[in-house]
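Okay, structure first, notes after.
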Amino acid sequence: MRDHRIPRAAAVLACVLAGAALFAAPAAKPVTLSVYMQNDLANPQSAYWPVTVEAFQKKYPEIKLEFEYVSGEAYHQKFQAMAASGDIPDLFTCYAGARSGYILDRGMVKDLRPYLTESFKKSYNPAIWQPQGPKGEIYIISPNMAVCTVVYVNTKLQKQLGLSNPKTLDELVAQVPKIRAAGLEPLAFGNKAQWQAQSLLLSMLTDRMGGTAWFDQAMKGQAKFTDKPFVDAIAVIKKMVDTKLFPAGVNQLEGPQAWGMFVQGKAVYLLDAGWRVSALKGAATPEDYATYAAIAFPAVAGEKVHGSSAATLGEALAMNAKLKGDKADAAWKFLSFIYGQEGSEILMKYGTVPTYKLDYAKFDVDSLNKQYIALINSQSMGYVIDAKMDSEGVNNLLNPGIQAVMMGDKSPAQLAAEYEAWVAANDSNRKKK
Amino acid sequence: MNERTQLKKAPLAWRASAYAIMIAFALLTVFPLLWLGYSSLKPNAEIVKHPLALPQAPSLRNYVQAWTMGGLGISLLNSFVYTIAATASTLLLALSAAFGLAKFPFKSARFFTSAFAVGLMITVHAVIVPLFLLEVRLGLINKRLGVVLPYIAFNLPMSILIALSFVRGIPDALIESAEIDGARYRRIFWGLILPLSGPVVTTMAILSFLQHWNEFLFVFIFTTKAALKSLPVAITQFAGRQNIEYGLQYASLVIGILPMICFYFLFHEQLKKGFGEGALKE
Amino acid sequence: MVNARAKKRSYLSFVLPAFIVYVSIMVFPVAFSLALSLTKWKGYGPIEFVGLQNFAKLFSDPVFLIGLRNNVLIVLVSVFGQIPLGLLLAYMLHRRMVRSSKTFEMLIFLPITISSVIVAQLWNRVFAPVGILPTIVRQLTGNAEYVMTIFESKAFAFVPIMFVLLWQHTSLYMVIFLANLQRVPDSVIEAAQMEGAGEGVVFRRIIAPILAPVAFINSILAISGSFKSFDLIYSMTGGGPAHYTEVMAVYMYNTTFVFQNYGYGSAISIVIILFIVAAILLTRAVTKKLNLE
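So the protein sequences, as listed, match chains A, B and C. For the first sequence, position 313 matches number 312 in numbering that gives the first Met the number 0, and the numbering has no gaps at all. For the second sequence, position 162 matches number 161 in numbering that gives the first Met the number 0, and the numbering has no gaps at all. For the third sequence, position 233 matches number 232 in numbering that gives the first Met the number 0, and the numbering has no gaps at all.
Structure representation (structure tokens):
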């Protein structure tokens, strides 16, 4: 009989040692995260994203990322189906506010406050740390402020026509005959998708007429949408249509067709949002791009707040509330990278101003972005209506209603009354407290 | 045999109007597609600046970019897989059901037939959310089966009705003589019914192919992995709400249309024949 | 000889597979939708039973009513536009009134093979203010600000969409009629011509009655499709501007997925199904009456 005990012991020891070697792993253990992101890779504004991801993978090769990209409204529709099944990815695009209510109200998003130390928060624009949830939760680190009203100027055309930046809306209206006589459009704007007139125009106008204080009260029901500020704001839009500021068929124009007009040199001014800058940069020739300027929407008669725009926190990736342990750590590494210094620098390079405080002098900021940064730092910001109010009232009533007013089918007072009636009966803001 | 030479030609007024209408339709069809075609050869900036003009320097750059960025190669393959799997399965199930309902004298046949007919009125959106929840429970999300099963289900009513009217037309005598020869029903189905169903199989196959190739909603909702996307879904990903890369979109649209156009040019004769066979037998 | 029980087993083995797939995928979810239509639910949180309230609200909901009107318009343009036009085209092709009829036939059939989403994109490029049509009209009339204002008219905004639907679907019916026409022996037409019947008479009195049953089936297909109509309209206008081109299916989709009003949305889908049933029954009754004459 051979004695098998020693070889066996050796084998066991070998296994134990091998196991120990395996499990006493280096600090990095492979983790896979699923990411469901609202993104359109073909959009020039998304050009920064693959670069950011690559930089992250270089730093953390052990964290594997699986992406699914969906753009536009389809993102929300599919996400709702996912949420209904209770099975959502590890990371996903989330808006601060009503837009992502369907996922926030379900309690499926992780509160990031445990990760947000004071020193971390100090590196950012303090505006992004306002409470995002009913108990003060912070769900996302917003990488940029979505400023919703900017008037872009084609200074070359402007000079050709002997015009200068209008300080009031009436001045802008006075420029219309001259611009149209030259065969150009005064203010390019596209409202086919219906939300533009509300987000890019009415929100800012409501802020000018009533301010955030009034809007806070209207949300609670202490003020009503039939009050003067809201009705007057809608009336301004009607006036803009009547004075032919907009292209004919403004409600049939898609956004890209509108800024396309501007890029083609067919319009003197463009009414659009802050995020359009990188699109303009990608579509215009460098010579043309150098002639673009950005100004605030001109003053409106009867306004209480001056020179403001409307802004909301830009959306960002949020964490699944169920993440724990290694996965949560990996997810936090990802978020703090893409929204931290490295990610923000990449954003800046691609033409978007991040909320992370960077030394702008280090970057070769182009002319339009320089003006844009100066502009948004000098303005106060009002609320964007669809970030605050319930989706059905905004999408089914307000947005189409604004179109109806613009087409002469409804009066501002009528729309205000209909919207107030719906909000009073249905909106969740009124039901709070 | 038709002796066409005996027929008088139609009067001039008719022929003139015929030409007018036909040419109008033909132009309406061709012009937009031609425009799509040559626009896809232009870079995006040129499309925005000069939407109607012919390309200054036609290039296939958009196609290459769209193909690689959108993973169109994989999605083209997926479209084929989904369509062929759904079509083959539907054909088999529909013919089998039609055989059962048409040639077996059971009263429940009327119930089943009416039940299937009800399906014609159900819209996909009415069932999409409950169906999604069901598929999650069954673990069918991100599996090809999870897309193919709804395809089959939604196609069954129409296919069964078409197959039914056809199978009814098969003489009972043929089946009876096979029975007398001792053949079991399975043999009869595979050996007699299926071979005879050539024309209607073609019609159903083509209709099914047409419907499923262009389908969007099910693939979109029931799959999340890029490796499982079909062509329409992959193409739609180029169309964002706030920004559109026209060049890439047009190129991908052309890639999406070409297979169906080829398919149609190859099979339109059978399609015509099939419509005739199936529909007249009502 | 096969005994009765074995025969029944065979019968079921042929029918049940299809039936099971059908019921589990289509019937159960619809039943679930039916149940949902009696509730008020956000997709999460408590489900509130509200009985028939959703249905009552529907018929005083201005958006739904516009949608219903537009759906009826689609039915009308299908049954009284696409089908007769398809028949006429088929007749013209069959009687060889144009040369190279094969080519025309292939060209006219092309639109139905293209997905509705793409068709919508195409026609948007034609109709949009920056599109081909206004550009051509501007050059022809010298009116630099021409746009298709028909889209902004509450009454007529749906007309361009009906046009595109006609363009897309007429050929489908044309092909069906053509296939059936080819099975009609020439001798029928020959006999009529020998008796001095003009072309119009042959068409109206001889051919149309023969193809009436086919027209009936086509009508059923058309009606069912009309009430379900979604892809084209959603991609072309999304129901806008200001709901002018809304249809029931688009409203249902928005209500469920954008406004997250699952109960109300389910009610709309049930109503769509009911309308289809009603329309088909009506068509059946009308044709039966006509056939008996």
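C-beta atoms are modelled at their ideal positions from N, C-alpha and C, and glycine is treated no differently. Since the structure is predicted, the reported quantities are computational estimates derived from the model, not experimental observations.
Restricting attention to alpha helix (DSSP H) runs no shorter than 4 residues, the segment 352-430 of chain A encloses them at 366-377, 384-387, 398-405, 411-425 and 427-430, ordered along the chain.
According to the DSSP secondary-structure assignment, I62/A is paired through a beta bridge with V30/A.
The C-alpha of R4/C lies about 49 angstroms from the C-alpha of C261/B. Taking the Cα of G273/A as reference, the smallest distance to any Cα among D169/A, M144/A, D325/A and E253/A is reached at M144/A. Here the alpha carbons of P165/A and L103/A stand approximately 42 angstroms from one another.
DSSP places L94/B in the uninterrupted alpha helix (DSSP H) bounded by L71 to K102.
The beta carbons of T167/A and M203/A sit no closer together than 8 angstroms. Distance between A300/A and I232/C, taken at the CA atoms: about 40 angstroms. Annotated three-state conformation of A126/A is helix, per DSSP. Against chain A, a Cβ distance below 7 angstroms from V135/B picks out S84 and D86. A contact between stretches requires three or more CB pairs, one per stretch, nearer than 8 angstroms, and the segment 158-168 of chain B meets this requirement with the segment 111-122 of chain B. Annotated three-state conformation of L312/A is strand, per DSSP. Nearest neighbour of S170/C by Cα position, chosen from P240/C, I73/C, I82/C and V270/C, turns out to be I82/C. Within its own chain, the residues whose Cβ lies closer than 6 angstroms to the Cβ of T89/B, once the five positions on either side in sequence are excluded, are I151, N154, S158 and S207, listed in chain order.
The Cβ atoms of S307/A and D206/A sit closer than 8 angstroms to each other.
DSSP, reduced to helix, strand and coil, places F226/C within a helical segment of the structure shown. A distance below 6 angstroms between beta-carbons, with the five flanking residues on each side excluded, links Q256/A to the following residues of its chain, in chain order: G189. Between L171/A and L244/A, the C-beta spacing is below 8 angstroms. Look at L367/A: its C-beta is not under 8 angstroms from any C-beta on chain B.
In this structure, the beta-carbon distance from E314/A to C93/A falls below 8 angstroms. Q221/A and F214/A have their C-alpha atoms spaced approximately 10 angstroms apart. For I220/B, the residues of chain A that pass the 7 angstroms Cβ criterion are K77 and A80, in the order they occur in the chain.
Rounded to whole angstroms, the gap between the alpha carbons of K348/A and P49/A is 13 angstroms. For D230/C, the closest C-alpha among the options V49/C, R204/C and V246/C is that of V246/C. Against Q193/A, the close residues of chain C are G237, G239, P240 and A241, in the order they occur along the chain (beta-carbon pairs closer than 9 angstroms).
As the crow flies, the alpha-carbon of V146/C is around 30 angstroms from that of F229/A.
Under the three-state reduction of DSSP, T242/A is assigned to coil, being neither helix nor strand.
Contact between K134/A and W128/A is ruled out by a C-beta separation of about 15 angstroms, above the 8 angstroms threshold. Ranked by how close their Cα comes to the Cα of P16/C, the residues R185/B, A96/B and L32/B have A96/B in first place. Taking 9 angstroms as the cut-off between beta carbons, the residues of the segment 153-166 of chain C near chain A are K153, in sequence order.
Using a Cβ-Cβ distance cut-off of 8 angstroms, the segment 69-79 of chain A and the segment 255-274 of chain C are in contact, since at least three pairs of beta carbons, one from each stretch, lie closer than that value. With contacts defined by Cβ atoms closer than 8 angstroms, W212/B and P149/B do not form a contacting pair. Put simply, the CB of F31/C is far from chain A, with every gap to its CB atoms at 8 angstroms or more. For the segment 126-153 of chain B, residues whose beta-carbon sits nearer than 9 angstroms to a beta-carbon of chain A comprise I127, V128, F131, L132, E134, V135, R136 and I140.
Using a 10 angstroms sphere on the CB of E117/A, the tally of other CB atoms stays under 16, which defines it as exposed. The shortest CA-to-CA distance from Q197/A to any of A403/A, L316/A, D408/A and W421/A is the one to A403/A.
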